[in-house]
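Asks: Here it is: the structure, laid out below.
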Ligand SMILES: [Zn+2]
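Residue numbers (my numbering): 9 to 258.
In structure tokens:
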């Protein structure tokens, strides 16, 4: 059976009958793949400990007629502080689920792989999030992901009249995918602050670690979190249940 090697991060697992599992993995060169691991739930598998953790895994995959099989796995880069912190685990889990939900198979994009790696590294090396706050790393990574996939919000000009935005009086129109200026916006839609728009622009171009340590008013932080969650939910069919999990632990 022909085999190939790749590096990847496990996005999600699906348990099947007879202790088999499907691993949904984002790989560096093959994009999102689904592989079958035989009997890895019985605890006899030498590979499952490497795949159960948040980390970059070296993979050996055997090409199959129906589905590819996992032939070997070893943990190349563990993110230890992600595993030991409940908040960091939750943030990472939700981001990986968002990648899985938004990214299609057979469309390899190494920028997505690099983004996942950068996000996990940023979360891993950051201090423990403060109680009641998830920080901005997740929101920055989500903004970059949506940008890569072509779902980014328009933040420079008004989505209706196309004039350059001024800092005050703007609101977000999700149907049109961006910011509306004071002249165009519905009087009932809530204003989005200049600080929040500025930070969201920053997220697009700067490293996640820098975005995570941005010092912005608490109210702007709350606006950004609200907008990220709404944006992710809008782009996914139905509700994005993983976000509720994040709310529960942060
Ligand atoms: Zn306008």
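In this text, a Cβ means the ideal position worked out from N, Cα and C, and glycines have one as well.
Check whether the Cβ atoms of residue 150 and residue 106 sit closer than 8 Å, and answer yes or no.
Replies: yes
Asks: Taking 7 Å as the line, does the beta carbon of residue 192 fall inside it for any heavy atom of ligand 1?
Replies: Closer than 7 Å to some heavy atom of ligand 1: that describes the Cβ of residue 192.
Asks: For residue 176, which three-state DSSP category applies?
Replies: Looking at residue 176 - three-state DSSP - the assignment turns out to be coil, as it is neither helix nor strand.
Asks: Tell me which residues share the same chain as residue 61 and place their Cβ nearer than 7 Å to its Cβ, disregarding the 5 neighbours each side in the sequence.
Replies: 83, 86 and 91
Asks: Let me check one thing: in DSSP terms, what residues is residue 21 bridge-paired to?
Replies: Note: residue 21 is bridge-paired with 31 in the DSSP secondary-structure output.
Asks: Measure the beta-carbon distance from residue 29 to residue 22 and round it to whole angstroms, keeping in mind my assumption that it falls under 8 Å.
Replies: 7 Å
Asks: If you reduce the DSSP assignment to three classes, tell me which class residue 66 lands in.
Replies: strand
Asks: Could you give the residue range of the alpha helix (DSSP H) that holds residue 26?
Replies: From DSSP, residue 26 is part of no alpha helix (DSSP H); its letter is neither H nor E.
Asks: Using the C-alpha atoms, what's the distance from residue 11 back to residue 265?
Replies: There is no way to answer for residue 265, as the model of the chain reaches only from 9 to 258.
Asks: Taking Cβ to Cβ, would you say residue 216 is nearer than 8 Å to residue 103?
Replies: no
Asks: According to the Cβ coordinates, are residue 34 and residue 47 closer than 8 Å?
Replies: No.
Asks: Kindly give me the distance between the Cβ atoms of residue 109 and residue 244, rounded to whole angstroms, as I take these residues to be in contact under 8 Å.
Replies: 5 Å
Asks: Is any heavy atom of ligand 1 found at a distance shorter than 7 Å from the C-beta of residue 188?
Replies: yes
Asks: Going by DSSP in three states, residue 41 sits in which element: helix, strand or coil?
Replies: Strand, per DSSP.
Asks: Under the rule that 16 or more other beta-carbon atoms within 10 Å means buried, what is residue 236, buried or exposed?
Replies: Residue 236 sits buried, since 16 or more C-beta atoms from the chains shown fall within 10 Å of its C-beta.
Asks: What separation, rounded to the nearest whole angstrom, lies between the Cα atoms of residue 13 and residue 132?
Replies: 26 Å
Asks: Report buried or exposed for residue 118, applying the criterion of at least 16 other Cβ atoms within 10 angstroms of its Cβ.
Replies: exposed
Asks: Could you give the residue range of the beta strand (DSSP E) that holds residue 154?
Replies: Going by DSSP, residue 154 is part of no beta strand (DSSP E) but of the alpha helix (DSSP H) stretching over 145-156.
Asks: Find out if the Cβ-Cβ distance for the pair residue 93, residue 136 is shorter than 8 Å.
Replies: yes
Asks: Among 168, 73, 148 and 167, whose alpha-carbon lies nearest the alpha-carbon of residue 233?
Replies: 148
Asks: Going along the chain, which residues of its own chain have a beta-carbon closer than 6 Å to the beta-carbon of residue 67, five neighbours each way excluded?
Replies: Beyond the five residues adjoining it in sequence on each side, residue 67 comes within less than 6 Å, by CB distance, of 14, 16 and 81 in the same chain, given in chain order.
Asks: Which residue's Cα is closest to the Cα of residue 24: 39, 43, 144 and 36?
Replies: 43
Asks: Alpha carbon to alpha carbon, what distance is there between residue 228 and residue 180?
Replies: Using only the alpha carbons, I get a separation of about 14 Å.
Asks: Within its chain, find whatever has a CB closer than 8 Å to the CB of residue 156; leave out the 5 residues flanking it on each side and keep chain order.
Replies: 117, 119, 120 and 123
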